[in-house]
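Note sheet for the following structure.
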Amino acid sequence: MNTTFKGTSHLIKIITRGHRFQISAWLFGIVVVSIAVASSYQSVYQNDSDKQAFALTMQNPAMVAMLGPGYETEDYLITVGTQFAHEMLLFTVIAVAIMNILLIGSSTRTDEETGRIEVVRSLPIGRLSYLAASIIVIAIVNLLLTLVTGLGIFVLNIDGFTFESSILYGSILGSSGFVFGAITALFAQLSDTSRGTKGLTFGVLITSYLLRAVGDVGSEHLAFISPLGWTVRTGVFIDNNWWPIITLIIFSVILLVLTFYLNSIRDLDAGFLPNRIGKNHASSFIKTTFGLVYQLQKVKVIAWSIGIFTLGATFGAVMGDMEKYFTDNEFVQMILSQVGDFSITEQFLSMLIGIMSLISTIPVIMTILKLKSEENSNRTEHFYSRAVSRNSVLGSFTLLAIIESIIYLILLAFGLWMAATIMMEDSISFVTIVQSTLVHLPAMWVMIGITVFLIGNVPKGLNVIWIYYAFCYIVVYVGGMLKFPDWVMNLSIFEAIPKLPGEEVEVIAYVMLFVLSVIFLLVGFIGYNKRDIYG
Amino acid sequence: MSLVEVKGLTKKFGNFTALNSINMTIKEGEIYGFIGPNGAGKSTTIRILLGMLKATSGEVKIFGKDAWNDAVEIHKQIAYVPGDANLWPNLTGGEVIDIFLKMRGNGNKNKRNELIERFNLDPTKKCRAYSKGNRQKIALIAAFASEAKFYILDEPTSGLDPLMEKTFQQCVLEVKDEGKSVLLSSHILSEIEKLCEKISIIREGAIIETGTLNEMRHLTRTNLVVKSKQPLQSIENMKGIHNVVVQNGETSFQIDSEEMDAVIKYLSEYGILKLESTPPTLEDIFLRHYENSKPSVPSGGSNP
Ligand SMILES: Nc1ncnc2c1ncn2[C@@H]1O[C@H](COP(=O)(O)OP(=O)(O)OP(=O)(O)O)[C@@H](O)[C@H]1O
Ligand SMILES: [Mg+2]
């Protein structure tokens, strides 16, 4: 009798129970935002000329690079579903992909690293059961997401939201997410750490996004080698092509077959990527507290630096196309004259920078959170059982986060400027761009402050920072569209940042943000010095 | 002068009392054994000594300084080895040892290399590739290569093979010869027996026994094996006699120290052919405390 998969159904229950909070939070968040945004389209953009204006905005190259190719102009007149899909689909897919990466990462390599799989393997349970159970759980989660989102937007009864279109929309989310779950499972076989696994998959996610961006704006064949390129090519609500869904599922299955094969031939705790011979002695840099703290995060800092620079350069590259698009288009020029001194190019620029600086905040927060994960793995005791003070450890993590925030924003500006200068005739000066990115620093520092505050005072509630981050992201991305009241918008710290170029810098607001971050930091440091350290 | 002075130390985690009014004194040049069942509170005590956990009440002084407030100052003279050394997976063993030495401020480079030889460690591997025992060696090498005054070792030999365990014991004795102090928490009682002059037994957050091994033995039963001309009569009914087993014509039993005199007199009437006495091992002492685990064993009292 074949026992390779024995006990899978039992493990499915265990894995589901272990992740029930994450799963519910992700499903709830994605479904609620999707449905809320869809229902808001009923009231906005009512007349045809509004829709036409929207279509023109969305077809400019920067938007295409950011959100995908969209539809023909007349399609936007047929149903608001087109607007909804063009604005929401790709970024929702990215959220679903992140959910898949985190869930699969934690139920494969993390569980192996912590020895949980070793315990399970010693029981009368098949060799591939744990992997099979994780995959089945994530498949069910994606299926649920597909159905609930699909049915959810269908029952809103909006014009053009047919049953087929709605289910297709849900299916895009589920199947695209599942591909990234499968990629994570594959990397969990190759890399022998969970950090490595998640890092590599996030790398693939970013690469897919960039390939698709370049492909959508210019050479389309590039978009076809990216799973996200397939994602944005269903023409949902108009053409309703199902081939991308089928392709995504077939691709996932191929990846999974390979994953099961690799899992079956490798040793427990081993990976396929090589380990090199290392140094006998530590350099004098990593012997300092700050040096060690940097060393622990070096790979992450470098990876994000490259990612953010490339993201900036990708958008910079499409600025040239955008310029041409605006000068060739009479209708756009008409709107252009309405918005005052600043060109639409510059307005798009400020919006892009706003979103990209929010993205750059992720690694900055992660840097501070690393201190807690070090404590959870009993590694801060190496500092505190020796002559190293808590201030110097927390201080090093904070300093690294601050340095990163500056580096990322400068790299972002540099990427944007470099590519824009090559591609545009009227180039934008580097100083203008770097000013527009660096204005976001105080908001990022408040985020650092809040994280430090939590580490010092509520170490068990650290995930609050991600909830707040998600809130800020939603405010920037869809807050205006959902017509959030002002006070809700203002709860997001990023709303206090002026949109440069265009708006004025308010000194008072800046001083306030700065003071706020200092207060959070201070209270955080005081709490951290007073609290028990568990490991 | 006493190096460590703990008075009335209590630690609560929420409602749970992990340590209940503990006292402990470690003198200069002393190797102090710390034993007790799982979850008794050994590691918690050590983390408080290290200033990582804050005492709920009580006084904890090391080198006359406060363990919480002056942690950094104190740690310049302390070396600590945890029971399960979790190391940074991306650094090599050699790098980690150097970093640990630097964090304390002073370290002996020659000693480091000598210890790497003695413990037979390959320092060029990444930490994620080390086995448990090898990770433990890294922590031990870093501790013994540092010129500390006080060594805190929390189950330092878990995972070491017998050969390496011997090397470890040599290292502890060398440290002792230099007049330094050691706090050794361990479940390997033979190791404690071999190394420690003074021992504390902790259970459920309270210290139930402290003293030298000899003092403890005195309070406990001795093992006797007797062979006599005439069969021993109703010896199990005598005061202070326990666990009587008759086998191959020999009778073995345990005897409370204070009844020794009376029992020997009684036995001699039967014509003794053979009399073997073995002192109680630490294990005997320890197991007695386990077995009588009625929640309220009087502190310091050992006889049931
Ligand atoms: N952070 C914490 N929160 C709540 N309870 C804790 C915490 N840390 C330890 N405890 C409890 O305190 C008690 C003492 O634990 P400690 O780790 O000191 O035991 P130990 O004597 O070192 O045991 P072992 O021999 O298994 O290492 C245990 O019951 C443990 O569950
Ligand atoms: Mg312990």
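Here the protein sequences come in this chain order: A and C. Just so we're aligned, residue 20 is where the first sequence starts under the numbering used here, counting upward by one. Just so we're aligned, residue 507 is where the second sequence starts under the numbering used here, counting upward by one. Don't be surprised by glycine CBs; every beta carbon is placed ideally from N, CA and C. Every value quoted in this text rests on a predicted model; they were computed, and no experiment measured them.
At least one CB of chain A closer than 8 Å to the CB of Met722(C): is that the case?
Judged by the 8 Å Cβ criterion, Met722(C) is not in contact with chain A.
Would a check of beta-carbon distances place Gly520(C) closer than 8 Å to chain A?
Chain A, which has no Cβ nearer than 8 Å to the Cβ of Gly520(C), makes this no.
Give me the pocket residues for ligand 1, defined as CB within less than 6 Å of any heavy atom, sorted by chain position.
The answer, residue by residue, is Tyr553(A), Phe519(C), Phe522(C), Ala524(C), Gly542(C), Asn544(C), Gly545(C), Ala546(C), Gly547(C), Lys548(C), Ser549(C), Thr550(C).
Burial state of Pro461(A) (16 or more Cβ within 10 Å):
So Pro461(A) counts as buried.
On the three-state DSSP scale, how would you describe Leu657(C)?
One detail in the question is off: residue 657(C) reads as Tyr in this sequence, not Leu. In the structure shown, Tyr657(C) falls within a strand segment according to DSSP collapsed to helix, strand and coil.
Does the beta-carbon distance from Ile605(C) to Ile305(A) come in below 8 Å?
The beta carbons of Ile605(C) and Ile305(A) sit closer together than 8 Å.
Please compile the residues from chain A whose C-beta is within a distance smaller than 7 Å of the C-beta of Ile605(C).
Under a criterion of Cβ atoms nearer than 7 Å, the residues of chain A adjacent to Ile605(C) are, in order, Ala301, Ile305, Lys306, Leu311.
Against Tyr586(C), what residues of chain A qualify as contacts under a CB-to-CB distance less than 7 Å, listed in chain order?
Below the 7 Å Cβ cutoff, chain A contributes Ser404 as neighbours of Tyr586(C), in chain order.
Other residues of its chain near Val167(A): CB distance less than 6 Å, five sequence neighbours each side excluded:
Contacts found: Val50.
Residues of the region 376-405 of chain A whose Cβ lies closer than 9 Å to any Cβ of chain C, in chain order:
Those residues of the region 376-405 of chain A that come within reach of chain C (Cβ to Cβ, closer than 9 Å) are Glu393, Ser396, Asn397, Arg398, Thr399, Glu400, His401, Phe402, Tyr403, Ser404, Arg405.
Proximity below 8 Å, CB of Gln61(A) to CB of Ile177(A)
Their beta carbons are under 8 Å apart, which means Gln61(A) touches Ile177(A) by this criterion.
Starting from the beta carbon of Val578(C), find every residue of chain A whose beta carbon is closer than 8 Å, and list them in chain order.
Those are Ala406, Val407, Ser408, listed as they occur along chain A.
Since I believe Ile554(C) is in contact with Ala573(C) (beta carbons under 8 Å), could you give me their beta-carbon distance rounded to a whole number of angstroms?
Yes, they are in contact, since the Cβ atoms of Ala573(C) and Ile554(C) sit about 7 Å apart, within 8 Å.
Give the range of the alpha helix (DSSP H) segment to which Phe544(A) is assigned.
Here the alpha helix (DSSP H) through Phe544(A) covers 526-549.
Do you know offhand how far Lys518(A)'s Cα is from Glu579(C)'s?
If I take the Cα positions, the gap works out to 49 Å.
Can you pull the chain C residues whose beta carbon is under 8 Å from the beta carbon of Ile296(A), in chain order?
Here the neighbours are Thr630, Lys631.
Mapping DSSP to helix, strand and coil, what is Tyr492(A)?
It is helical.
Relative to ligand 2, is the shortest distance from any of its heavy atoms to the C-beta of Asp590(C) smaller than 7 Å?
Not one heavy atom of ligand 2 is found less than 7 Å from the C-beta of Asp590(C).
Any heavy atom of ligand 3 within a distance shorter than 7 Å of the CB on Asp660(C)?
Annotation note on ligand 3: not contained in the displayed structure, which lists ligand 1 and ligand 2 as its ligands.
Buried versus exposed, by CB contacts within 10 Å (16 or more), Thr598(C):
Classification for Thr598(C): buried.
Could you give the C-beta distance for Leu695(C) and Phe792(C), rounded to a whole number, given that I count them as a contact under 8 Å?
The pair is a contact, with the Cβ atoms about 6 Å apart (cut-off 8 Å).
Taking 8 Å as the CB-CB limit, is Thr598(C) close to chain A?
Yes, contact with chain A.
Between the Cα of Ser210(A) and those of Asp288(A), Val495(A), Gly546(A), spot the shortest distance and give me the residue it belongs to.
Ser210(A) has its Cα closest to that of Asp288(A), out of Asp288(A), Val495(A), Gly546(A).
Cβ atoms of Ala152(A) and Thr278(A): under 8 Å apart, would you say?
No, the pair does not count as a contact, with Cβ atoms beyond the cut-off.
Grouping DSSP H, G and I as helix and E and B as strand, with all else coil, what is Arg135(A)?
In the structure shown, Arg135(A) sits in a helix (DSSP, three-state: H, G or I).
Shorter than 8 Å from the beta carbon of Leu679(C) to some beta carbon of chain A?
With 8 Å as the cut-off, Leu679(C) does not count as an interface residue toward chain A.
Using a Cβ-Cβ cut-off of less than 8 Å, list which residues of the region 198-221 of chain A approach chain C; keep chain order.
Those residues of the region 198-221 of chain A that come within reach of chain C (Cβ to Cβ, closer than 8 Å) are Asp211, Thr212.
Cα separation between Gly134(A) and Met558(C)?
Put simply, the backbone Cα of Gly134(A) is about 26 Å away from that of Met558(C).
Could you tell me the distance, in whole angstroms, from the CA atom of Tyr657(C) to the CA atom of Thr787(C)?
If you take the alpha carbons of Tyr657(C) and Thr787(C), they lie about 25 Å apart.
Nearest to His38(A) by alpha carbon, out of Gln78(A), Met85(A), Thr127(A), Ser271(A)?
Considering only alpha carbons, the answer is Thr127(A).
With a cut-off of 8 Å, does the C-beta of His795(C) fall near any C-beta of chain A?
Cβ-Cβ to chain A under 8 Å: no for His795(C).
In angstroms with no decimal places, state the Cα-to-Cα distance between Ser324(A) and Pro263(A).
Approximately 32 Å, taken between the alpha carbons.
Beta-carbon proximity list for Ile537(C), same chain, < 8 Å, skipping 5 on both sides:
So the qualifying residues of the chain are Val678, Lys682, Ser687, Val688, Leu690, Leu701, Cys702, Glu703, Lys704.
Uninterrupted alpha helix (DSSP H) stretches inside the region 683-717 of chain C (no shorter than 4 residues):
Correct list: 695-701.
Looking at the unbroken alpha helix (DSSP H) that takes in Thr757(C), where does it start and where does it end?
Counted as a single uninterrupted DSSP element, the stretch harbouring Thr757(C) is not any alpha helix (DSSP H) but the beta strand (DSSP E) occupying residues 756-762.
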